[in-house]
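> One structure is given below, represented as structure tokens, and several questions about it will come after.
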Amino acid sequence: MRWSKLATGIGVVCLLAFAGLAVAKGSYREQLCQNEGYHCLKITKGQTWYSLFPDPYERDLVKRINRMNTSLRTGMTIAVPDDLSIDTNLIAPFPKQYDTEGVKTVVVAPGDLAWAAYDEQGNLVKWGPSSAGQSYCKDIERRCTTPSGSFMVYSKGGAGCVSTKFPVGEGGAPMPYCMFFNGGYALHGSPLVPGYNASHGCVRLFTEDARWLNHEFTPGGKTRVIILPYSARANLIQ
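Here the sequence shown is numbered in our numbering, starting from 1 and rising by one per residue.
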């Protein structure tokens, strides 16, 4: 599906679905845990991802549901699925099929704090949490949301990829497994996916997801990257 057609379709209905599920700091997980199939867990002193979820699969599942890989903090609330054995793809915020026009496609939905990879046949292969550009960056004194649109991956880096711009005046911020798609904007791994949009414009992913995209999904050939508008909902793409 062409980007213009996708954007038009989403523009008509995006405000009707999950309109109240905002992505301000903490609000996504706090609202999600009110839904059927989930319960809310308030973190107490000393609790960590490892102490709460010693099983690696369960720990990864809950991190993905909450769209975060940062440390838990006392007093914060997270969403926990009632079924900790559920298949991650069964709770994907994206549809299982999407018209990719025969091109491998990564769709990023800042409004759902998530990304999805579709193969040439339009099948959902994998999805994960993301953190796109925040509304305003104090250090550069301007808006820094990730521009929406349809792009192509044009350059990639490995585990040692770093920013040439940030921190401001220094550069050197780690961007492991970077995949550039629009000027200086890239998908890349990060240990700082906090459950809300917090970057300078790049799209942060769990590092293991960025590694998979970089090595398994984008080697050779063409890969499209679609950044949805922040107001759009991932489940409405077609």
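All C-beta atoms in this analysis are idealised placements derived from N, C-alpha and C, irrespective of residue type, glycine included.
Since we're looking at a predicted model, the values are computed, not measured.
Helix, strand or coil for Gln97, going by three-state DSSP, please let me know.
Residue state, collapsed to three classes: strand.
> Alpha carbon to alpha carbon, how far is Trp127 from Ser148?
Their backbone Cα atoms lie some 19 Å apart in a straight line.
> Residue range of the alpha helix (DSSP H) that Pro56 falls in?
Looking at the DSSP string, the run of the alpha helix (DSSP H) that includes Pro56 is 56 to 65.
> Can you name the residues that DSSP bridges to Cys178?
Paired residues: none, contrary to the question.
> Between the beta-carbon of Met179 and the beta-carbon of Lys156, is there less than 8 Å?
Yes. Within cutoff.
> Have a look at the DSSP bridge pairing and note the partners of Gly227.
The sequence shown places Ile at residue 227, not Gly. Paired residues: Val108, Gly149.
> Pull up the DSSP beta-bridge partners for Tyr38, would you.
Answer is Pro81.
> Should Val168 go down as buried or exposed, given a rule of 16 or more other Cβ atoms within 10 Å for buried?
Here Val168 scores only 49 on pLDDT, less than 50, and its place in the model should not be relied on; the value that follows carries that caveat. So Val168 counts as exposed.
> Output the boundary residues of the beta strand (DSSP E) element that contains Tyr185.
First-last of the beta strand (DSSP E) with Tyr185: 185 to 189.
> Do you know how far the Cα of Asn235 is from the Cα of Pro93?
Distance between the alpha carbons of Pro93 and Asn235 is about 6 Å.
> Do you know how far the Cα of Gln47 is from the Cα of Ile86?
Rounded to whole angstroms, Ile86 to Gln47 spans 23 Å at the Cα level.
> Measure from the alpha carbon of Ser190 to the alpha carbon of each residue in Ile140, Ser51, Gly158, then state which is nearest.
Among Ile140, Ser51, Gly158, the Cα nearest to that of Ser190 belongs to Gly158.
> Would DSSP call Leu192 helix, strand or coil?
It is coil, neither helix nor strand.
> Please check the pair Val153 and Phe181, which I expect to be a contact at CB under 8 Å, by giving their CB distance rounded to whole angstroms.
Rounded, the Cβ-Cβ distance is 5 Å, consistent with contact.
> Pick helix, strand or coil for Leu124, following the three-state DSSP scheme.
Reduced to three states, the DSSP call for Leu124 is strand.
> Consult DSSP for Tyr154 and reduce its assignment to one of helix, strand or coil.
Three-state result, Tyr154: coil.
> Would Glu216 be called buried (16 or more neighbouring beta carbons within 10 Å of its own) or exposed?
That one is exposed.
> Whether or not the segment 69 to 79 and the segment 100 to 118 are in contact is what I'm after, with contact meaning three or more pairs of Cβ atoms, one per stretch, closer than 8 Å; do they touch?
Segments in contact, no.
> Count the other CB atoms within 10 Å of the CB of Arg64; is the residue buried (16 or more) or exposed (fewer)?
Buried, because 16 or more other Cβ atoms sit within 10 Å of the Cβ of Arg64.
> According to the neighbour-count rule (16 or more other Cβ atoms, all chains shown, within 10 Å of its Cβ), is Ser131 buried or exposed?
That one is buried.
> Under three-state DSSP, which class holds Leu32?
DSSP places Leu32 in helix when its eight states are reduced to three.
> At what residues does the alpha helix (DSSP H) containing Arg142 begin and finish?
No alpha helix (DSSP H) holds Arg142; DSSP gives it neither H nor E.
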